[in-house]
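Participant:
Residue numbers (UniProt numbering): 1 to 123.
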């Protein structure tokens, strides 16, 4: 472990996953196979095309979803800094610790839940 990161690693609250930081970049539509609120942009749109939903991403917005089930993207934003913390949990963690994984999410079930919610969607 690098000395500069040792103090942070010792207090990292969630030891069984990784984190990827994406800063000031658009993220084209993709699937991932393998809340600080002082940013200076005022609007970005997060899209889940499979569900036909758009989320208005103002600074501090948190969106939790299954990245290996749904294609997703963040397009351009109006101005300023924009950052994404993508949290990753690998199946090997559950296997290595002999813990039962939560199971699969199914697109049909997710679509049904969205349709029954008050989330705005596009056609």
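Heads up, the beta-carbon is just placed ideally off N, CA and C, and yes, glycines get one too.
Predicted model only: the values in this text are computed from it and were never measured.
DSSP has residue 45 in a bridge; who is on the other side?
Facilitator: Residue mapping note: residue 45 aligns to position 45 of the chain shown, counting from 1. Looking at the DSSP assignment, residue 45 forms a beta bridge with 56.
Participant: Keeping to the same chain, check which residues put their C-beta closer than 6 angstroms to that of residue 57; ignore five residues upstream and five downstream.
Facilitator: On the chain shown, position 57 is the one that residue 57 refers to. So the qualifying residues of the chain are 44, 46.
Participant: Beta-carbon separation of residue 74 and residue 26 under 8 angstroms?
Facilitator: Residue mapping note: residue 74 aligns to position 74 of the chain shown, counting from 1. Residue mapping note: residue 26 aligns to position 26 of the chain shown, counting from 1. Going by C-beta atoms, residue 74 is nearer than 8 angstroms to residue 26.
Participant: Might you give, ordered along the chain, the residues of its own chain that have their beta carbon closer than 7 angstroms to the beta carbon of residue 101, omitting 5 neighbours on each side?
Facilitator: Position 101 of the chain shown holds residue 101. The residues are 91, 94.
Participant: Assuming the contact rule is C-beta atoms closer than 8 angstroms, residue 109 and residue 72 should be a hit. Round their C-beta distance to whole Å, please.
Facilitator: Residue mapping note: residue 109 aligns to position 109 of the chain shown, counting from 1. Residue mapping note: residue 72 aligns to position 72 of the chain shown, counting from 1. Actually they do not touch by this definition, with Cβ atoms about 17 angstroms apart.
Participant: By alpha-carbon positions, which one of 65, 69, 77 ends up nearest to residue 59?
Facilitator: Counted from its first residue, the chain shown places residue 59 at position 59. Nearest C-alpha to residue 59: 77.
Participant: Taking only the alpha-carbon atoms, compute the straight-line gap between residue 41 and residue 97 and give it to the nearest angstrom.
Facilitator: In the chain shown, the residue the question calls residue 41 occupies position 41. In the chain shown, the residue the question calls residue 97 occupies position 97. So the two alpha carbons sit approximately 41 angstroms from each other.
Participant: Hey, would you say residue 70 sits closer than 8 angstroms to residue 54, going by beta carbons?
Facilitator: On the chain shown, position 70 is the one that residue 70 refers to. On the chain shown, position 54 is the one that residue 54 refers to. No. Outside cutoff.
Participant: Locate the beta strand (DSSP E) running through residue 27, then write down its first and last residues.
Facilitator: Counting from 1 along the chain shown, the entry for residue 27 is found at position 27. Residues 27 to 30.
Participant: Return the first residue and the last residue of the beta strand (DSSP E) that residue 62 is part of.
Facilitator: Here residue 62 refers to the residue found at position 62 of the chain shown. Per DSSP, residue 62 belongs to no beta strand (DSSP E) and is neither H nor E.
Participant: In the DSSP assignment, what are the bridge partners of residue 72?
Facilitator: Position 72 of the chain shown, counted from the start, is the residue given in the question as residue 72. Paired residues: 30.
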